Each structure stands twice: as C-alpha cells, then as structure tokens.
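Counting in my numbering, the final residue of the sequence shown is number 1280, and the numbers go up one at a time with none missing. Structure, as structure tokens:
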Amino acid sequence: MLVLTSAAILTWPSRARQDDELFQNRTATIGATEYHFRIFTPKGWSRKKKSPVILFLHGAGERGDDNLAQTRVGIGPAIVRQQESLPFIVVLPQCPRNRWWTEPDMQAQALKALDQTVKELNGDPKRTYLTGLSMGGYGSWIMAAGYPSKFAAIAVVCGGVRPPPRVNVPQPKDGPAASADPYGAVAATIGKTPVWVFHGGADPVVPVTESRKMVEAIKASGGSVRYNEYEGVGHNSWDKAYAEAEIFPWMLAQKLKASKR
C-alpha cells in the first residue's frame, strides 16, 4: 500500500472544459531541469486586476511526469465543481516519482511555479495561500516554516511534521522542523499566519496525532488555528476538507498586511 498518498485515483468528475483548458500547462526551469505544472484561472480573469492565488501540493500517489495526476485528487475536483465561481488562480506543480515535497529542490520547483504564475497572471502577493494533502501536507508545514511571510493563510490536510514509522521521508537537516521540538518550532515560525488543519480520525497512514500536535503547538504559541477532525474517516480526509463550504471564503478573507517578497 502506498503511504502518504491519496490512495487510488478517484473517478474524475464530469467537467465542462477539458484538462488542457481547465488546467493549463506551464513549464518552469531551474538550472538545467524543466518542470511541468498546471494552472487554473478563474472565469473572467483579467490581467488588469490582481487575483488571489493558491499553491497546491499533492500527495505521494500523484507523483510522476504526466502533469495531470495532481489535478485529479484533492483541490482539483473542488475546482471542477466550482469552476464558474472560484475566484482564485490555482498553481498545481507535480513532484516526480520517488521524490518528496519536503526536499529543498522540490520546494524550489513549487515556489518557482508559484512565483512565475504570480508574475505572468498578475497574482496578488498579499493574497497568496498554501494548501497540501498527505505528502503535500508535510511539504506545506515545511514550506510555511521556511517562508513565514509569503502566505496569507495555510490549509493542511492529513499532513504532519514527523513522518510515520518505517516511512523514509527526507527530513530537513536544519530549520524549525529539524529542532528537538519540531512542532513548537514550526508553530513559532509560522506565527500569526491563519491556519486551518484537517485530518481523519481513523487515518491509518498519517497518524492523526500529527495534526493534533501541530494544532496544540500553534495554540500554545498564540497563533490562529482552526481544526476539523472527521470521526471515522480514513486517509482521504481531503474529500471532506476541500468540500467544506467555508474553506475558500476563509482563505479569501485573509490578507498579508505587507508583502515581504
């Protein structure tokens, strides 16, 4: 069984527009390596006004090089359902096989895709948001701690800071997540950035205690956090999380006081 993954590829909902139109193909180059990623642009988008932006980090099951799998689990189906009304530009990078979002170069390619999209489409740096599920949830905590002034809000789904037993996830060698108390250190670095955490209470892949510890650490540090724990739900808590009626309005209500990019 795959770990830190979104299990199986779900049946793709019917859609009004095809993949290449709804999720447009883009490339980002770092050094000699070219990465492909997808973007969603809201209906009525215009470069004349700044648009809010979401960076989405997928789970381990969507790793690869097809540049499609990351659109089909998690935030992708939510975009399909709300494509006529969702106001965000959404950036969906894809992590290659056998790599992890916790690795510095994988974080770099996701951030390059984000920054390139913000520049190309006149995204709003003060209304830029981060979300991820499972492996992408681990990556989101690391990225949020590494770039605490970049995101106006963070939504983490069935993620964590310390990997489950017997899962060889590359961990940071320095920074908050490498400290003796990684939960407290990550929470302190994130500071007052609003956070919403989601987890299934019966998750057999990523222990729900990972989210509970992060929520308590954020509270202890005086941060702003909401927590949804879904009783009886296993690893695929993203289905409920991205279907929450308030998740996108909550993001949109958050704004950085000043851009420090």
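Glycine included, each C-beta is placed from N, C-alpha and C at the ideal position. In this text the structure is predicted, and so the values were computed from the model without any measurement.
May I have the straight-line CA-CA distance separating residue 1243 from residue 1213, to the nearest angstrom?
Taking the sequence shown and counting its residues from 1, the one referred to as residue 1243 is at position 224. Taking the sequence shown and counting its residues from 1, the one referred to as residue 1213 is at position 194. Going by the C-alpha atoms only, they are around 5 Å apart.
Does the beta-carbon distance from residue 1155 to residue 1225 come in below 8 Å?
Walking along the sequence shown from the start, residue 1155 turns up at place 136. Walking along the sequence shown from the start, residue 1225 turns up at place 206. The answer is no: Cβ separation not under 8 Å.
Can you tell me where the alpha helix (DSSP H) with residue 1234 in it begins and where it stops?
Taking the first residue of the sequence shown as 1, we reach residue 1234 at position 215. Run containing residue 1234: 1227-1239, per the alpha helix (DSSP H) assignment.
Please state if the CB of residue 1190 and the CB of residue 1199 are separated by a distance shorter than 8 Å.
Counting from 1 along the sequence shown, the entry for residue 1199 is found at position 180. Counting from 1 along the sequence shown, the entry for residue 1190 is found at position 171. Result no, Cβ atoms of residue 1199 and residue 1190 do not sit closer than 8 Å.
In chain order, what are the residue ranges of uninterrupted beta strand (DSSP E) at least 3 long that sit wholly in the stretch 1159-1223?
1172-1176 and 1214-1219
Please report the distance separating the alpha-carbon of residue 1261 from that of residue 1211.
Taking the sequence shown and counting its residues from 1, one reaches residue 1261 at position 242. Taking the sequence shown and counting its residues from 1, one reaches residue 1211 at position 192. Distance between the alpha carbons of residue 1261 and residue 1211: 23 Å.
Can you list, in chain order, the residues of its chain with a C-beta nearer than 8 Å to that of residue 1066? Leave out the 5 residues immediately preceding and following it.
By 1-based counting over the sequence shown, the position of residue 1066 is 47. Contacts found: 1140 and 1141.
What are the boundary residues of the beta strand (DSSP E) that includes residue 1123?
Taking the sequence shown and counting its residues from 1, the one referred to as residue 1123 is at position 104. Where residue 1123 is concerned, there is no enclosing beta strand (DSSP E), although the alpha helix (DSSP H) it sits in stretches over 1123-1140.
Taking the alpha-carbon positions, what's the residue 1240 to residue 1039 distance?
For the purposes of this step, residue 1240 is taken as residue 221 along the sequence shown, with counting starting at 1. For the purposes of this step, residue 1039 is taken as residue 20 along the sequence shown, with counting starting at 1. Answer to the nearest angstrom: the Cα atoms are 43 Å apart.
Cβ-Cβ separation, residue 1113 to residue 1162 (assumed contact under 8 Å), whole Å:
Indexing the sequence shown from 1 puts residue 1162 at position 143. Indexing the sequence shown from 1 puts residue 1113 at position 94. About 16 Å separates the two Cβ atoms, so there is no contact after all.
Count Cβ pairs between the stretch 1114-1121 and the stretch 1056-1071 that sit closer than 8 Å; are there 3 or more?
no
Which residues bound the beta strand (DSSP E) around residue 1074?
In the sequence shown, residue 1074 corresponds to position 55, counting from 1. That run of the beta strand (DSSP E) goes 1070-1076.
For the candidate residues 1118, 1060 and 1101, whose alpha-carbon lies nearest to that of residue 1076?
Position 57 of the sequence shown holds residue 1076. Ranking 1118, 1060 and 1101 by Cα distance to residue 1076 puts 1118 first.
Distance, Cα to Cα, residue 1101 vs residue 1269?
Residue numbering aside, residue 1101 sits at position 82 when the sequence shown is read from its first letter. Residue numbering aside, residue 1269 sits at position 250 when the sequence shown is read from its first letter. Between residue 1101 and residue 1269, the C-alpha separation is close to 15 Å.
Quick one, are the C-beta atoms of residue 1054 and residue 1135 less than 8 Å apart?
To locate residue 1054, count along the sequence shown from 1; it is residue 35. To locate residue 1135, count along the sequence shown from 1; it is residue 116. No, these two residues do not count as a Cβ contact at 8 Å.
At which residues does the beta strand (DSSP E) containing residue 1112 begin and terminate?
Against the sequence shown, residue 1112 aligns to sequence position 93. Taken as a continuous stretch (DSSP letters only), the beta strand (DSSP E) holding residue 1112 covers 1108-1112.
Measure the Cβ-Cβ separation of residue 1229 and residue 1180 and say whether it is below 8 Å.
Sequence index remark: in the sequence shown, residue 1229 carries index 210 (1-based). Sequence index remark: in the sequence shown, residue 1180 carries index 161 (1-based). Closer than 8 Å, so yes.
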